[in-house]
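Enquirer: What the sequence shown shows, in UniProt numbering, is residues 1 to 319, in sequence order.
Sharing a structure, written as structure tokens. Questions coming.
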Amino acid sequence: MKIVVLDGYTENPGDLSWEGLERLGELTVYDRTPADKIAERIGDAEAVYTNKTPISAQTIGQCPNLKFIGVLATGYNVIDTAAAKAAGVIVSNIPTYGTDAVAQYAIALLLELCHHIGEHSDCVKAGEWTHNADWCFWKHPLVELAGKTFGVIGFGRIGQGTAKIAEALGMKVLAYDEYPNKALETDNCKYASLDQLLAQADVISLHCPLFPSTEGIINRDSIAKMKDGVKIINTSRGPLIVEKDLREALDSGKVSGAAVDVVSTEPIREDNPLLGAKNMIITPHIAWAPRESRQRLMDIAVDNLKHFVDGAPQNVVNK
Ligand code: NAD
1 MKIVVLDGYT
11 ENPGDLSWEG
21 LERLGELTVY
31 DRTPADKIAE
41 RIGDAEAVYT
51 NKTPISAQTI
61 GQCPNLKFIG
71 VLATGYNVID
81 TAAAKAAGVI
91 VSNIPTYGTD
101 AVAQYAIALL
111 LELCHHIGEH
121 SDCVKAGEWT
131 HNADWCFWKH
141 PLVELAGKTF
151 GVIGFGRIGQ
161 GTAKIAEALG
171 MKVLAYDEYP
181 NKALETDNCK
191 YASLDQLLAQ
201 ADVISLHCPL
211 FPSTEGIINR
221 DSIAKMKDGV
231 KIINTSRGPL
241 IVEKDLREAL
251 DSGKVSGAAV
261 DVVSTEPIRE
271 DNPLLGAKNM
281 IITPHIAWAP
291 RESRQRLMDI
301 AVDNLKHFVD
311 GAPQNVVNK
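Following this line, the structure appears as structure tokens:
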């Protein structure tokens, strides 16, 4: 069986092995594939993997040997799953692989907003401490989290994992979810309506998926309902936030700090309004990317193809 990986670089920049897939067939891995080369590179392969490279109905039509599309990610919106189904092509995704990594990262962003560790370290290395009149100094207000309220929008796997770490820091948790599971409530962790959460949380962390109902959930109106000086964390999807509204709120000080790992268009555009905002941290969509979590993704990707070959496909998203 011929197997093609269209955009393997972000999953495996060289620190993992493709051996698992090599054992299943004749493997060709491309770091990246431009739009005009997708069908040509799939060619007569039976199995193709993609992370973010689109596989359209037209491409599926041009590749009649194709039987299996593996997604090297959870989200599979880059694939025309209906066209795949009509052509008898199985599409399998990786439902979960990075829960702990993303939860840890969300809290890392929060801790950076509270302490500005990177900036303080840079100042020391640049000589500011050496030449300082006092034995210590800080560039921003430093924030203790114990006793404050951590608001989670989207109390699923990652939201719950993030909340657990916030609780370990002494925070109270308020969760908003479209499908609350009351069994998850404890003395320190309660469900709330979205408005209650917006009004009471000192920190708001976004963990709901991007749906039409959640797009722009953080906007001028919802920000107006928040506490003055609130902090916002987004490790979910960029379009959950109306970026120009967050920019305004950061500049006015209504939001005292924001940290995002995802933005509306990725890679980030030069004119993204968040780029010049005060008290803003932006990282390039890396919450998922510790080696441990990418290894898990690789293992499940291999397992998905094995199951397909054995006639019992798993994690199928286009049944
Ligand atoms: P999950 O499905 O376990 O949890 C999502 C939760 O959101 C569910 O409890 C669901 O009921 C809730 N929800 C759905 N619609 C809602 C709405 N309208 N309002 C409020 N809550 C709603 O998913 P997960 O594994 O926790 O992942 C959460 C998100 O994290 C993913 O959708 C993805 O966008 C993002 N993610 C980001 C990275 C990264 O590298 N930054 C990596 C993995 C996942």
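From the three backbone atoms N, C-alpha and C, an ideal C-beta is built for every residue, glycine too.
Predicted, not measured: the structure shown is a model, and the values here were computed from it.
#1: Can we count W288 as close to the ligand NAD, meaning its CB is less than 8 Å from some heavy atom?
#2: For C136, is the classification buried or exposed, using 16 other Cβ atoms within 10 angstroms of its Cβ as the cut-off for buried?
#3: Taking its Cβ as the centre, do 16 or more other Cβ atoms sit within 10 Å of S17, making it buried, or is it exposed?
#4: Name the one or two DSSP bridge partners that L27 has.
#5: Suppose the cutoff is 7 Å on Cβ atoms and the five residues either side in sequence are ignored; what does the same chain contact list for T162 look like?
#6: Leaving out the 5 sequence neighbours to the left and right, which residues in its chain are closer than 8 Å to residue 323 when beta-carbon positions are compared?
#7: So is I60 buried or exposed if we call it buried at 16+ other beta carbons inside 10 Å?
#8: Just grab the DSSP bridge partners of G151 for me.
#9: When DSSP labels each residue in this structure, what does I94 get in the three-state scheme?
#10: Quick one: measure Cβ to Cβ for residue 320 and A301, integer angstroms, because I've assumed they're closer than 8 Å.
#11: Comparing alpha-carbon positions, which option in R237, E112, I232, A277 lies nearest E212?
#12: Rounded to whole angstroms, what is the Cα-Cα separation between residue 340 and P239?
#13: I'd like to confirm something about I158: is its beta-carbon nearer than 8 Å to some heavy atom of the ligand NAD, or not?
#14: Kindly provide the ranges of any beta strand (DSSP E) runs that are 3 or more residues long and lie completely inside the stretch 28-64, ordered along the chain.
#15: What do you get for K37, buried or exposed, if any count of 16 or more other CB atoms within 10 angstroms of its CB means buried?
#16: Leaving aside the five residues before and after P54 along the sequence, list all residues of the same chain whose C-beta is less than 6 Å from its C-beta, in chain order.
#17: I'd like to confirm something about I42: is its beta-carbon nearer than 8 Å to some heavy atom of the ligand NAD, or not?
#18: In whole angstroms, what is the alpha-carbon distance linking T28 and I223?
#19: Using a 10 Å radius around the Cβ and a threshold of 16 neighbouring Cβ atoms, would you call R32 buried or exposed?
#20: Leaving out five residues before and five after L297 in sequence, what residues of the same chain have Cβ atoms less than 7 Å from its Cβ?
#21: Quick check on the burial criterion: 16 or more other C-beta atoms within 10 angstroms. Buried or exposed for L142?
#22: By a C-beta neighbour count over all protein chains shown, 10 Å radius and 16 as the cutoff for buried, is T81 buried or exposed?
Expert: Well, looking at it:
#1: yes
#2: exposed
#3: exposed
#4: I3
#5: A103, A106, I107, V152, S205, H207
#6: What the structure shows of the chain is the stretch from 1 to 319, and residue 323 is not part of that stretch, so it cannot be assessed.
#7: buried
#8: L174, I204
#9: coil
#10: This structure does not reach residue 320, given that the chain is present from 1 up to 319, and the question cannot be answered.
#11: The question names Glu, but residue 212 is Pro in the sequence shown. Ranking the options by Cα distance to P212, first place goes to R237.
#12: Here the chain has residues from 1 to 319 only, and residue 340 is not among them.
#13: yes
#14: 47-50
#15: exposed
#16: V78
#17: no
#18: 48 Å
#19: exposed
#20: E11, L72, I94, Y97
#21: exposed
#22: buried
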